[in-house]
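Chains as they are written, first to last, in my numbering: chain A, 3 to 494; chain B, 571 to 1222; chain C, 336 to 897; chain D, 245 to 344; chain E, 116 to 281.
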Amino acid sequence: MLPLQIPHTSDLVRVLPEIIWCSFGVFLMLLQPFLKNHRQILTLFGMIGAALGTLGTFFGQMGAGFSGLIQFDMLSLFFHWLLGLVTFLVILASDSYLERENLDASEFYALILFATAGMGVLASAQELLTAFIGLEMSSISSYILAGYRRDAVKSSESAVKYFLLGSFATAFFLYGIALVYGVTGSTNLAKITSADPSSNLLRMGLGMILVGLGFKVALAPFQIWTPDVYEGAPTPVTALFAAGPKAATFALLLRIFTTIHAATGFWFWAFWILAVATMFVGNLGAVVQTNVKRMLAYSSIAHAGYTLVAFAAVTFLKTDPEIGPWPAYAAVLFYLLGYALVNVGAFTIVSEIGGKGESRLTLDDFAGLGTRQPFAAAAMSLLLLSLLGMPITAGFFGKFYVFKAAINSKLIWLAVLMAVNTIIGAYYYLRVLVVMYMRDHEGEVPADAARSLSPTAAMVVMVACLATLYLGLFPNHILGLVLSQDLILSAR
Amino acid sequence: MPRPILENLWIIPLLPLLGSAINGLLGSKWSKTLVNTVALGSTGLSFACALEAVREFLAGGSQVFRKEFFDWLVAGNFRAGFDLQLDELTVVMLLVVTGVGFLIHIYSTGYMAHEEGYYRFFSYLNLFMFFMLILVLAANYALLFVGWEGVGLCSYLLIGFYFLRKSATNAGNKAFIVNRIGDFGFMLGMFLLFRTFHSLDFSTVFAAASKPDVAIEPLGSFGTITIACLLLFVGAAGKSAQLPLYVWLPDAMEGPTPVSALIHAATMVTAGVYMVARSHVLFTHAPTAMYVVAIVGCATAFFAATIGLVQSDIKKVLAYSTVSQLGYMFLACGVGAFGAGIFHLMTHAFFKALLFLSAGSVIHAVGGNQDMWEMGGLSKKIKITYRCMLCGTIAIAGFPPFAAFFSKDSILFAAYKYETNGKALYAVGLLAAILTSFYMFRLIWLTFRGEPRYDEHKVHVHESPFNMTVPLMILAVLSLVGGWVAAPALWGGKDYFAEFLSPVFGTGEAAGGAEAAASLEHILSGVAVVAAALGLAVAMWMYNKKVSRGTSEGLHKLLYNKYYVDELYFGAVVNPLIWLSTNLLWKVIDAGTIDGAVNGVAKGAAVIGDGLRHTQSGNTRSYAVWVIVGAIVVFAIIFWPIIHPAFSGGLR
Amino acid sequence: MELSAHLLSVLIFFPAFGALALLFLRSDDEYWIRRLAFVVSTVEFLFSLLLLRIVTIGAQGYSMTEYKAWISAPPINYHLGVDGISMFLVILTTFLTPIGVLASWKGVHHRIKEFHVMLLLLEVGVIGVFLALDLFLFFLFWEIMLIPMAFLIGIWGHGRRIYAAVKFFIYTTAGSAFMIVGILWLYNLTGSFDLPVIQAILQTPQYHPSPATEMLLFLSFFVAFAIKVPMFPFHTWLPDAHTEAPTAGSVLLAGVLLKMGTYGMMRFCLPLFPEASRRAAPVVAVLAIIGIIYGALVSLVQPNLKRIIAYSSVSHLGFVVLGIFTFHTISMQGAVYQMLAHGISTGALFFLVGMLFDRRHTYELSEFGGLCAPMPKYAAFFLYIALSSMGLPMLNGFVGEFLILLGTYQVHWGWASWAATGVILSACYLLWAYQRVFYGDNTNPENKEIKDIDAREFWGLTAFAVVVLWMGIGSSYITRRVAAPVDTVIQQTQSHYAVEASRPAAASPVLLDQVRNRLATREGTVEPPHKGSARNWALAPEVRRVESIAGGKEFDGRVVSQ
Amino acid sequence: MVPTNYYLILSAILFGLGVLAFVFKRNIITIFMAIELMLNAVNLAFVAFSQALGKTDGEVFVLFVIVVAAAEAAVGLGIIILTARNRRSLNVERVDLLKL
Amino acid sequence: MSAALLIFFVLAGLAVLGAVALILQSHPIHSALSLILVMLSLAGLYLLMGAEFVAAVQIIVYGGAVMVLFVFVIMLLNAGEEERTNFSKLATFAGVPLALALGGVIAAAIARSSGHLPAPAANGALTPTRELSKLLFSEFVYPFELTSFLILVAIIGAIVLAQREN
């Protein structure tokens, strides 16, 4: 007989969110035959699943679970909340979209929940194998979701590009793991920590891991897939892409690159250069876009760049015993939270404005929105200003903390380049505002374009706006949570 | 002894201000009588108050009266208050301003009777009185500057009174801007004074300057006080139309004639002389500045007189004459005869106001035409005006016993006695006197004598009304007797005027005094009379018969066109400046360079963005290559320390 | 809760509540929207007048402050304070806002509600900027103010409004993006965002930044302010913004927004970076002088009334900057005065020009001429304001220019002499423009029937006229009240490091006590940091530095509770 | 005995060839095969390391990779079928509607 | 040269040959067959190293199931000869050199630094499958269970994507 070990209950509780998300995914699939035409109920179940999963985090005990495969610490807690919230909002926002596009709801929500579970795994993974499985869970779900509008050419193209390039990057990621494993004899981050930093193979392995994960978070030049995939995917899914996997992958990046001593010191140059490239590529690319959805895709690249600035600070600050890397961690986390919420809100508006078949996505379609749909326009303005980093919005403090982390680590020039990028960003975000408020719609406004946001979407937008303001006015509440040395347990 | 007015000296300027405000705000709907009442009432009351103040002043033993009413500018150790003072110099100015001003107000009620904007005119005129009184009563440079700028403003408003005429508004602008150039110097002068003496109060500055340890800066040196004086003189030159800033005054004749009389002859333009005289303590410490003042004054006297020789516009002649006479006053100040300068200022106020008002009467009579070539033979038709004007002409020409004989005489005498090139100054001054006599009698001949050259069917020449002629007559009397206070000096007696001012300027500088000087003065005054007669004779000879304008050639053309100075200024300063501003500063630097750079950056970003977006070809194979490129870059970075072990940092 | 104790907060947020109240009105309820906005802004003005009782002559430091802990990590606090300088700028703002409402009575016809909401929000931002004592709070208001202004230009502006709005926004954002880097760098050096605390810390020898660092910090602030002022060569946004902005926008833009730049220089650049300010002063002064002359010359040849006034602002604000960077009490008081005077005069000019635009829908000079005849009252007011703008004594414009030049001359006669040419040129461009608009024959048939001012405009202009005159005569009322804060600024710029280093305890003990108490009170409001936990990351540097200033005690990770 | 290096270098070569195939091939299915080739290279490296280190977890990893690859194949081929249906072409270069 | 080395080189040669053939073959079905060749060779190498279970799985799952699926899809879609377009300039000119460079870099890094590793199967023992399963069901039970959901996702995906429009 094999001495089969039944996992300890506490281990199961630590992965309660994933269990709940997966169960609800299965549950929704089971409901499908019965509730095929009751989309709202499915939406409700999806939301309940997302919310319950998030609540599931409250029962777990801090610490490693499953013999160190996962780590349930503040970092994973934070990202589980973030992911739960994002999923909740995305499901809510999808309701009207699915109706409009006449798509099946149960599979859609199930896939979203599976994807979320995968991201959750990614966020708490302490072992590269777990991370790999989590990554694949979220990625494979994402490939399907990207192509969910089966009859739309753009959607399937988005799926095929995402799939091919995503798998390509995964191969790099895996090869990196293999090399790390070869050098250290383990894939557990806790055991890799003390690996000999001078090993070239380890360096190469970590580099390939960075390539693989950098692809997922869209760092230049691995950002190349992002605009196409984001544009082609159904808009609520784009919202999820921009918020969820990106955040979860950043969590993993944090865990890896703060845990492994070999990845400090000179490594900040890698982040430095990638950050600068990413910011410029994202912002300059966005400047010339006329399709709002695509512009937001470029902007999400830029924001990955900003986050990476804090990353550079992390890797640098780790060597500073006086300050420690915590401010930079906090900056990353805060930034991602604010960014995720804002993006979900913004893409929801874009999805609603886009109308059936996502046919109205250009700037011209946004012209005169200020008079046509005052609420949507006002909300969009607020969210865009948050992305731009105006005060009393989440984006402001996000940028602020990133700037601060950068300056703390004496990365003055990086901060200056980020400032330059903020200015470029101001240009294209402002353009949307300008179009919405200062220009009139040319020609006749189509009948359905004048329709205001659907109630569900309005709720999502409302939540996003309020969250933006809340984070912009009282950043401390969140920051206090993440400013802890227990943030990443293995990195103490 | 109660001194109700002296203690409340502010009443004197305030009355015209009130008149101005009332007329300006309410007068538009009032009848002319009411407007007259307010305007004349306020000015008359002011004149009365001035008389009373002077009486109180003299009764109080001529103590310099000075009182601080409220703080106007306070900053750090700088304080400039609304401080008024009254001394002998002020008394002279005060009486001239209020007296002559009042007369001109009366005159204006007749002259302006048929004009649009009657209330506006009197409002401006009263406002002018206010500022002029502030100017003469001020106890510090800053407050003086208030009046200084204020009269400039009123001058601008009144020159441009006929605002439908472009030439009038141009002239107004020119006056204000040229004055501003002078003010530029004046302000710098004030700043330098403050830097040196830490105050702008007359009493403090002069007390500090007259301390024995403040050395007199010798001729040829440019010490602090010299520079300050020169800067102040720039201001004076602007206000009093001296070379090279005189250009605005002839143009200023675009204004109504009473304005020319009051502002551009009697009072405002003499402010510069007043200011120099007021600062005599400083100037006497700066012989270099004095010398410059004398030369500029002398040159202006001659230069303006030459232009006056050939002008055909009756008011232009008088304007150049004013410039010329102001030159005399500066000559006096420059040679140290401040008292003589002020004396000439006073007599000039009388006779030049008289001349202008008479000219106004003439213009009134011929229906608005100012060209002397279209007049002639008016002496029989407007006798009062003719006699008054003749009176003024004799006075300005310097025939005894008229006022200017005494004042001009004392100036030339002082110039003659001046150590540095005094004789040359005297000679030029004398030459200018001949020219003065000539152009004034030319004016009389062309206007009043000979045959009428106007269309007698169209123009109905008529004598001016009572309210215009009475002021003329009063002024004519003053032009005659105004100089007599100094007359006894000629007989070895006292120069009462100089003596009156001696508490201000000190004794021993003006005429009078030594016996030896008296005989020299007799000779010089004889020469002056001869010079005046010469001018008269030539004028008679030339214009008794000549009746046509004639062609303008050679020197005549040069003079007629005022040496082309205006054209020179426009060509050398104004137009290049405008060209520069438009084409270089605005078009090239602003729109081209700076905005071009800004927009260029924006465009550049768009171009780069466009370039970047072409990497986004939509082709998955290219994308894969980019991933490979990225991987290689990442490897390159993380292996860099191995590739280049020496690399340690750089700009982060 | 006493109202007077929170007057500063009331001043900042009252317009915001007004804006909120406006939102509840129907958007087509034009009658009440305008009246409510006017009432709110007028009440706000009356509130601000209460400040006159609080800030007394010679009052040292801030006469009234408000302090409330806001964000603990990093330590960002709601710290407001008012002294003579900020008081008058606040009053200027509150004065101009109701005028702005009046000015748009006829000019703004669409989206009236949003317009007034934006106007009031703008007021919030501007007053916040003037009252904030926390660098972060300052920056926050600084940025907030941008959006309403950009909207005012972009939605209610004319012709190329969008270009102008975007240009304005990007220009300013460009400046502020560097300022935030500077603020954070400063935080990194001192561990605080609190202006007095930072000042105290920077003035202690062991925390002097190196000259190069100080200069970079100075520049990061200065460029943002210089763009706002705007100084040559950062000025090109101004003519566009002004030309395209609606009247109220121009009034507030010229009236108060530009002053934020010069205020920032006085409040932040000089006291925080004294050495760098002094080193930069010659360059700044030369730029200011170039601005004075350049602005005036370009103004001279503009074909458009608003552009003339816009460039004249460049010129006038050049005086202000010059006055500040001569570090002389007279000129600096003059600079403060000039800010106010320019706000009034230029605000009034834009108000006037706006009236013309309401009637004729153009600003082009060539469209006008001879307006004196059909609209004499208007012409009279225009002349009066133009005269005040060109600095006629006894009106407001003169005092500032005179004091600035006088003070500058005491320091550097060459600068003053060059700058004084601006006095000549200002007369040139204003009189020339006046002539072209008002004098001559009224030839354009469209101007024949043009109406003179109505009662609303008359009273608005009268308010300006009275203030202009009062400021011209009673200038000492203002200068006496700004004297003490100005002297403080100058004193701070004079604290040479060399002198500092020779003194053992540089920062005053009183201030140190304040700093320490402040920390202690803040500790009471948030949970105390766990020893060794990361929470004290935010507090650590500040406390550590304060402690070391206080007596070189070793920092033990906890705040010393007094 | 075969040195581990040999296996690893073979793995690197195969990985490189996989990358090459990815950028060289145009047919989507073949490109997908290239990915499989890369995954195989990874597996080889894992097994080699696992054997060299004398540990088993590397081989466990390989099992997971194979499972994931299978799942990916199912989904991937589904996507390919979808694309082929929408596009009527399997040439990856013709799938370029989304660009710029 | 020992027998093991000889076998290694033969199998390695076949694997590389298969990989190159994959690239050079223009018909997808030929490429698929080439890939199967690579997989089989690798299975041989796994055996050579003593990883018998992995070798079995490689043949059964990879070579069997996955590749059959590939072939099936190729047949289903009736994919013909590859269309050798060159729309991507980047891939045309830089693709091959860069890909080779990348492979070279990795190979070089490995060659230079993994010399210290002991040779596989130095102990001569096969990896016991029991050991493997023990790990799989105890230490790695969490990912193992997750994998089930992964497969569920794949099933859903296949259904969703391949479903005909109704």
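For glycine and all other residues, C-beta sits at the position ideal for the given N, C-alpha and C.
Quick one, which of Glu610(C), Ala683(C) and Ile505(C) has its alpha-carbon nearest Lys563(C)'s? Ile505(C)
Residue nearest to Gly584(C) in terms of C-alpha spacing, selected from Phe486(C), Ala620(C), Met601(C) and Ala559(C): Phe486(C)
I'd like the ranges of any alpha helix (DSSP H) spanning at least 4 consecutive residues and lying wholly in the region 233 to 315 of chain A. 237 to 261 and 270 to 289
Complete runs of the alpha helix (DSSP H) confined to the region 389 to 439 of chain C [at least 4 residues]: 419 to 438
Which two residues bound the contiguous beta strand (DSSP E) that contains Lys637(B)? Phe635 to Ala645
Beta-carbon proximity check, Ser1007(B) vs Gly1105(B), cutoff 7 Å: yes
Give the secondary structure of Asn271(D) by DSSP, where H, G and I count as helix, E and B as strand, and everything else as coil. strand
State the start and end residues of the unbroken beta strand (DSSP E) segment that holds Arg649(B). Phe648 to Leu656
Rank Asn249(D), Val267(D), Leu261(D) and Met245(D) by C-alpha distance to the C-alpha of Ala209(E) and give the top, closest one. Val267(D)
Could you name the residues of chain D that Val1195(B) contacts, counting a contact when the two beta carbons are closer than 8 Å? Val267
Which bits of chain B does Asp340(D) rub up against, with CB to CB less than 9 Å? Ser1187, Gly1188, Asn1189 and Thr1190
Touch test, the region 990 to 1003 of chain B against the region 908 to 919 of chain B, Cβ-Cβ under 8 Å, three pairs minimum: no
Residues of chain B with CB under 7 Å from Thr661(C), in chain order? Per Cβ cutoff of 7 Å: no residues; Thr661(C) is ~12 Å from chain B at best.
Hey, is the region 791 to 801 of chain B in contact with the region 682 to 694 of chain B, meaning 3+ C-beta pairs nearer than 8 Å? no
List the DSSP bridge partners of Ala467(C). Leu415(C)
Could you check whether the Cβ of Ala333(A) sits closer than 7 Å to any Cβ belonging to chain C? no
Using the beta-carbon of each residue, which ones in chain E are nearer than 9 Å to Ile243(D)? No statement about residue 243(D) is possible, as the shown extent of chain D runs from 245 to 344 and does not include it.
What residue does the alpha helix (DSSP H) around Ala547(C) start on, and which one ends it? Pro546 to Lys563
Do we get a CB-CB distance below 7 Å when we pair Gly284(A) with the residues of chain D? no
Under 7 Å Cβ to Cβ from Ala421(A), same chain only, skipping five residues before and after it: list those, please. none
Could you tell me which of Phe731(B), Ala1057(B), Ala591(B) and Gly805(B) sits nearest to Leu697(B), measuring between CA atoms? Ala591(B)
List, in chain order, every chain E residue whose beta-carbon is nearer than 9 Å to that of Val286(D). Those do not exist, as Val286(D) stays about 11 Å from chain E at its closest Cβ, beyond 9 Å.
Confirm, please, whether the CB-CB distance from Gly149(A) to Ser157(A) is below 7 Å. yes
Please confirm whether Lys406(A) has its beta-carbon closer than 7 Å to some beta-carbon of chain B. no
By the DSSP assignment, the alpha helix (DSSP H) with Ile554(B) in it spans what residues? Residue 554(B) lies beyond the residue range present for chain B, which begins at 571 and ends at 1222; the question has no answer from this structure.
Please list the residues of the region 1197 to 1212 of chain B that have a C-beta atom closer than 9 Å to any C-beta atom in chain A, keeping them in chain order. Val1197, Val1199, Gly1200, Ala1201, Val1203, Val1204, Phe1205, Ile1207, Ile1208, Phe1209, Trp1210, Pro1211 and Ile1212
Rounded separation between Cys958(B) and Leu673(B) - CA only: 15 Å
Residue interval of the alpha helix (DSSP H) (run including Ile1224(B)): The structure shown does not extend to residue 1224(B), since chain B is modelled only from 571 to 1222, so the question has no answer here.
Which one or two residues does DSSP pair with Glu129(A) in a beta bridge? Asn190(A)
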